[in-house]
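A short write-up of the structure that comes next.
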Amino acid sequence: MSNSIVIYSDFISHRLQYTLDFIFNQVLELPYVLITNANTFAHINYSILPKDNSINILKTSPILNDGYFSDLSPAKEKSPNNLSIFPVNNENFFGQDIFSAVFYCISGWERYFSKNSDIHGRFLPIHSAIFHENYNFIFPWVDKWIFLLAKELKIRFNDLPIQFEKIYKLQVTIDVDMAYSYLCKGLYRNFGGAVRDFINFKFQHVFDRLFTLLHLKKDVFDTFDLLLELEKFLQNPLIFFFLVSEKTTKFDKNNSINCSKFQNLIKNISSSHAVGLHYSYYSKNYFELIEKDKNFLEHLINKPINKGRAHYLRLDIPQMNLIANAGFKDDFSIGYASMPGFPLGTAHPVFFYDIINDKQTELVLHQTAIMDSSFVDYKKSNPDDFSQSFDNIQSSMILGGELVILLHNESFTNKNRWKNWSNFFVTFLKDMR
């Protein structure tokens with residue numbers, strides 16, 4: 034117990050323990066002891082009354098009380114380079130109710146009550162309590178708050194084994210919305226596509242389609258050999274997420290799941306890589322589609338599927354209890370399509386906390402921090418912007434964590450909207466070594 038941080042609180046709840054586990058066990062990697070005896074020494078005092086010889090943190094919110102569930106807009110203090118929620122302006126206390134602030138962020142509290150969304154029903158970064166207009170990405174403010182608390186602990190209690198230098202994990206993931214541009218589409222879709230290209234004077238597309246279907250040319254979306262070659266430059270193996278919707282829609286344009294070539298591709302990749310399910314667009318409204326697609330993929334590769342990510346990043350925190358109950362262990366859906374960064378305010382993976390039932394689940398949320406289409410389709414920017422954002426995100430990870438990058442097999446085609454991007458992505462991944 035001599036190396037443990039002793040924390041006094043005048044109450045104990047599942048939410049408080051979840052928050053302390055995240056801060057001390059996961060991020061700082063320090064053991065802690067939570068006590069309720071006010072007469073015992075404590076490094077941290079979390080209550081409304083200050084204690085001598087302790088770092089005093091004032092409880093300002095009911096958010097850590099089990100059972101509390103209400104729309105809550107935290108007070109905020111902001112300067113050009115800083116942001117704080119649940120601030121405390123009292124010289125006898127730490128400058129923030131950090132425990133309430135951390136729980137508010139990592140639980141995704143604001144997403145349960147948001148009435149503002151984009152056309153795809155997604156929570157917008159501008160409505161987040163931790164959005165800062167001076168940053169071109171969502172900064173991991175939670176990690177900065179934890180860093181400031183750890184720094185104060187080290188100053189006051191120098192014998193505590195607090196280490197500030199942390200390394201981070203880089204994880205590149207590949208979303209396979211459409212494995213092949215022309216193959217495994219069937220006669221009807223290919224005929225319709227050819228007619229559409231002809232009418233729009235896209236004659237090169239007509240010839241490409243014909244030569245590909247005659248097996249005289251490799252399908253342009255088939256970049257998997259290149260991806261596996263580039264993987265040699267990465268510190269961790271690629272993770273592939275396959276869209277296997279039985280019915281194609283305006284947003285789900287995957288290949289036919291009955292096509293043997295598509296099935297063999299998935300089988301081959303799954304033999305040496307982690308494969309996850311790319312939840313289809315409409316699965317947010319019809320959750321049974323996720324269970325159906327999960328069963329198909331598991332039967333196909335004869336392995337359990339425990340990783341997933343939503344197409345268009347449509348699924349959000351309020352749906353994660355369904356994902357957890359479906360047997361998934363890792364979800365990568367939490368991310369902003371229009372802006373890079375860390376939506377939950379931390380660079381660390383987070384165990385999903387089921388607010389409705391007040392319990393921590395086994396589902397781990399891996400935030401997608403940077404996505405190729407954010408820069409091509411939303412920001413309409415360039416590779417330099419991608420590189421700068423990546424560098425800024427790296428620099429912000431003062432307590433380590435995980436940096437998840439989302440790319441597509443289509444991104445490496447050097448065709449259409451990916452013109453001038455594909456070579457950049459190749460160079461970018463090679464420089465990861």
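Using the working numbering, the first residue of the sequence shown is number 34, and each one after it goes up by one.
Quick reminder that beta carbons are idealized off the backbone N, C-alpha and C, glycines included.
Quick caveat, the model's predicted, so the values are computed rather than measured.
Relative to the C-alpha of F55, which candidate in L259, P382, E143 has its C-alpha closest? Along the sequence shown, read from residue 1 onward, the residue named residue 55 stands at position 22. Closest option to F55, Cα to Cα, is P382.
So what does DSSP say about Y201, is it helix, strand or coil? Here residue 201 is taken as the residue at index 168 of the sequence shown, counted from 1. Correct three-state label for Y201: strand.
So, are the CB atoms of S371 and Y411 less than 9 Å apart? Taking the first residue of the sequence shown as position 1, residue 371 is located at position 338. Taking the first residue of the sequence shown as position 1, residue 411 is located at position 378. For S371 and Y411, yes; Cβs fall inside 9 Å.
Please determine, among N123, V39, I272, L67, the residue with the shortest C-alpha to C-alpha distance to R48. Looking up residue 48 in the sequence shown gives position 15. Nearest option by C-alpha distance: L67.
Roughly how many whole angstroms lie between the Cα atoms of F273 and N442? Residue mapping note: residue 273 aligns to position 240 of the sequence shown, counting from 1. Residue mapping note: residue 442 aligns to position 409 of the sequence shown, counting from 1. Taking the straight line joining both Cα atoms gives about 10 Å.
So, is G154 buried or exposed, given that buried needs 16 or more other C-beta atoms within 10 angstroms? For the purposes of this step, residue 154 is identified with residue 121 of the sequence shown, where counting begins at 1. By the 10 Å Cβ count, G154 comes out exposed.
Which runs of the beta strand (DSSP E) at least 3 residues long sit entirely within the segment 314-355? Give them in chain order. 340-343
Three-pair Cβ contact test at 8 Å for the segment 342-356 versus the segment 245-264: no
Only counting runs of 3 or more residues, tell me where the beta strand (DSSP E) segments fall wholly within the segment 103-162, in order along the chain. 109-112, 115-118
Okay, do the segment 416-432 and the segment 166-179 touch, 3+ Cβ pairs below 8 Å being the bar? yes
Got a sec, what are the start and stop residues for the beta strand (DSSP E) F274 sits in? As a working note, residue 274 is residue 241 in the sequence shown. 272-275 is the extent of the beta strand (DSSP E) around F274.
Anyone know if the C-beta pair for L432 and D192 falls short of 9 Å? Residue numbering aside, residue 432 sits at position 399 when the sequence shown is read from its first letter. Residue numbering aside, residue 192 sits at position 159 when the sequence shown is read from its first letter. Against a cut-off of 9 Å, the Cβ pair of D192 and L432 comes out as no contact.
Give the range of the alpha helix (DSSP H) segment to which A183 is assigned. The residue labelled residue 183 in the question sits at position 150 within the sequence shown. Residues 174-189.
With which residues is F384 paired in a DSSP beta bridge? Here residue 384 corresponds to residue number 351 of the sequence shown, with the count starting at 1. Bridge partners of F384: V397.
Please report the residue range of the alpha helix (DSSP H) in which H165 lies. Start at 1 with the first residue of the sequence shown, and residue 165 comes out as number 132. H165 -> no alpha helix (DSSP H), and no H or E assigned at all.
Compute the distance between the beta-carbons of Y137 and I118, then report whether it is under 9 Å. One-based indexing of the sequence shown puts residue 137 at position 104. One-based indexing of the sequence shown puts residue 118 at position 85. Contact flag set, yes.
S80 in three-state terms, based on DSSP: Locating residue 80 in the sequence shown gives position 47, counting from the first residue. In this structure, S80 counts as strand in the three-state DSSP scheme.
Do the segment 128-135 and the segment 87-102 touch if we need at least three Cβ pairs shorter than 8 Å? yes
Pick from Y41, E62, T460 that is closest to L263, judged by C-alpha positions: In the sequence shown, the residue the question calls residue 263 occupies position 230. When only C-alpha atoms are compared, the closest one is T460.
Kindly indicate which residue of D208, S407, Y345 has the alpha-carbon position closest to the one of K283. If you number the sequence shown from 1, residue 283 lands on position 250. The shortest Cα separation from K283 among D208, S407, Y345 belongs to Y345.
Going by DSSP, what residue range makes up the beta strand (DSSP E) through E435? For the purposes of this step, residue 435 is taken as the residue at position 402 of the sequence shown. 434-441 is the span of the beta strand (DSSP E), which, as asked, contains E435.
Just how far apart, CA to CA, sit A212 and I290? As a working note, residue 212 is residue 179 in the sequence shown. As a working note, residue 290 is residue 257 in the sequence shown. Going by the C-alpha atoms only, they are around 11 Å apart.
CA-to-CA distance, N70 to G374, given in whole angstroms: Residue mapping note: residue 374 aligns to position 341 of the sequence shown, counting from 1. Residue mapping note: residue 70 aligns to position 37 of the sequence shown, counting from 1. So the two alpha carbons sit approximately 40 Å from each other.
Does the segment 388-401 come close enough to the segment 354-366 to have 3 or more Cβ pairs within less than 8 Å? yes
Count the C-beta pairs between the segment 407-421 and the segment 201-208 that are closer than 8 Å, then say yes if the count reaches three, no if not. no
Within 10 Å of its beta-carbon, does H311 have 16 or more other beta-carbons around it, so buried, or fewer, so exposed? In the sequence shown, counting from the first residue as 1, residue 311 sits at position 278. It counts as buried.
Opposite G309 in the DSSP bridges: which residues? As a first step, residue 309 must be located in the sequence shown, where it is residue number 276. Per DSSP, F274.
Who pairs with I90 in a beta bridge, going by DSSP? Counted from its first residue, the sequence shown places residue 90 at position 57. Beta-bridge pairing links I90 to Y79.
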